[in-house]
Ligand code: TXA
Ligand code: MG
């Protein structure tokens, strides 16, 4: 199959919408990452999504809608007042909510769960496609399973070329990490995956917010994850990634030493550092994560892909503060590093 990247003009949107209705897969830009879209209510289309990604069948998909009236048919209980406040405040946007599912939603879409994850994306191309297709669109991130999520049409093409007919090119993604997955089925909202909407923001809106503690550590051997996505290896570059956390001068010293050892072993190392710290690494090979957590979020997946493209066998990254969207960055970095995090210096604490 020849995969085309198209500018999302009216003709391309009509073609993409017709393909969704016909049960085919389309690459879709969203404000978080590119998604691999299919008709969420068509089990065969959804099966094709799992196949194209190489994704385990028990890892459920997020269902995307463009209008609030489309929610009721997908769920089997009234949303709580908290959920309603969250939808009013954060939709459209990078927030996914978990609800009890209705019979309309195939079990294949929810990975066999009796709950469904729903999000209303903010990206105009995603919204327009959902509207034109007239279907709720199931869309996991458009990477091959285990790879960094795509934040440009080109990245999605790298992973999906030959597997899907069409990718709509909506430019680079503004948020850069995926949506926050929030369980709103209990009394206090609980973050299962940190993302574009911070726990601090959820707490402002709802009065409280819990963060599942599996967000910043590996799952224990017999531990049952609250979200199936927690148990799978993710976002991993081919090189071995280590994160250094703590006082920034001490971190730079530790990274320089690790880099120099790796270079002596021909591991073609690469450093990922915040913009303000770049001078600390001299002539070593280093890429900038930008000036703070929001820029780091925009760049993190592209950096992990670039590390692969450069053939880096060892990657050393500075940590960012795990606050606001920084929690999502540290979750993605941590998982990409299999939680290999070195605490250095005095401020070596989360
Ligand atoms: O920003 C995003 O959310 C992107 C764009 C394309 O919208 N999509 C995305 O989908 O990141 P995906 O499939 O890569 O991640 C969905 C996550 C997985 O970790 C999955 O386990 C979790 O959401 N999830 C989905 N349905 C769930 C459910 N019913 N209960 C718990 N977790 C669920
Ligand atoms: Mg994903």
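Numbering (the numbering used here), first residue to last: 53 to 402. Backbone N, C-alpha and C fix where the C-beta goes; we use that ideal spot for every residue, glycine too.
In the structure shown, residue 83 adopts coil according to DSSP, grouped into three states. The beta strand (DSSP E) runs of length 3 or more contained entirely in the region 245–324 are, from start to end of the chain, 292–298. Taking C-beta separations shorter than 7 Å and ignoring five residues to either side along the sequence, the partners of residue 107 in its chain run 192 and 197, following chain order. Between residue 229 and residue 318, the alpha-carbon positions lie close to 32 Å from each other.
Setting aside the 5 residues that flank it on each side, residue 199 is surrounded in the same chain by 211, each with a C-beta closer than 7 Å to its C-beta; the list follows chain order.
If you ignore the 5 residues before and after residue 263, its C-beta comes within less than 6 Å of the C-beta of 243 and 251, all in its own chain and listed in chain order. In the DSSP assignment, residue 141 falls within the unbroken alpha helix (DSSP H) covering 133–142.
In this structure, the beta-carbon distance from residue 287 to residue 207 does not fall below 9 Å. If you look at residue 381, you'll find it isn't in any beta strand (DSSP E); it sits in the alpha helix (DSSP H) that goes 378–388.
Collapsing the DSSP output to three states places residue 110 in coil. The beta carbon of residue 101 sits closer than 7 Å to the beta carbons of 77, 88, 90, 113, 190 and 192 from its chain, once the five residues preceding and following it are set aside; these are given in chain order. Shown here for residue 173: same chain residues with a beta carbon closer than 7 Å to its own, the five before and five after excluded, namely 82, 83, 116, 144 and 179 in chain order. Short of 6 Å from the beta carbon of residue 372, and not among the five residues preceding or following it, lie these beta carbons of its own chain, in chain order: 345, 348, 378 and 381. In this structure, residue 112 has its CB at a distance of at least 8 Å from all heavy atoms of the ligand MG. Inclusion of residue 195 in the 8 Å shell around the ligand MG follows from its C-beta lying nearer than that to a non-hydrogen atom of the ligand. Classified as exposed, residue 136 has fewer than 16 neighbouring CB atoms from the shown chains inside 10 Å of its CB. DSSP places residue 192 outside both helix and strand once states are collapsed to three, so it counts as coil. Here residue 116 is bridged, per DSSP, to 171 and 189.
If you draw a straight line from the Cα of residue 361 to the Cα of residue 241, it is about 39 Å long. Here DSSP, grouped into helix, strand and coil, assigns residue 216 to coil. Distance from the Cα of residue 134 is smallest, within the candidate group 236, 320 and 299, for 236. When DSSP states are grouped into helix, strand and coil, residue 101 belongs to the helix group. The region 324–338 makes no contact with the region 263–274, as fewer than three CB pairs between them are under 8 Å. For the ligand TXA, no non-hydrogen atom lies closer than 8 Å to the CB of residue 311. For the 9 Å CB-CB criterion, residue 321 and residue 364 form a contact.
Note that the C-beta distance between residue 249 and residue 131 is not below 9 Å.
Less than 9 Å divides the Cβ of residue 220 from the Cβ of residue 60.
Nearest to residue 142 by C-alpha distance, out of 187, 204, 247 and 62, is 247.
Assignment of residue 209 by DSSP, reduced to helix, strand and coil, places it in the helix class.
Excluding its 5 nearest sequence neighbours in each direction, residue 260 has C-beta neighbours in its own chain below 7 Å: 240, listed in chain order. Annotated as distal: residue 238 and residue 163, with beta-carbon spacing of 9 Å or more. In the structure shown, residue 121 adopts helical secondary structure according to DSSP, grouped into three states.
Sixteen is the threshold: when 16 or more other Cβ atoms of the shown chains lie within 10 Å of the Cβ of residue 304, as they do, the residue is buried. Comparing alpha-carbon positions, the option among 79, 384, 169 and 56 lying closest to residue 128 turns out to be 169.
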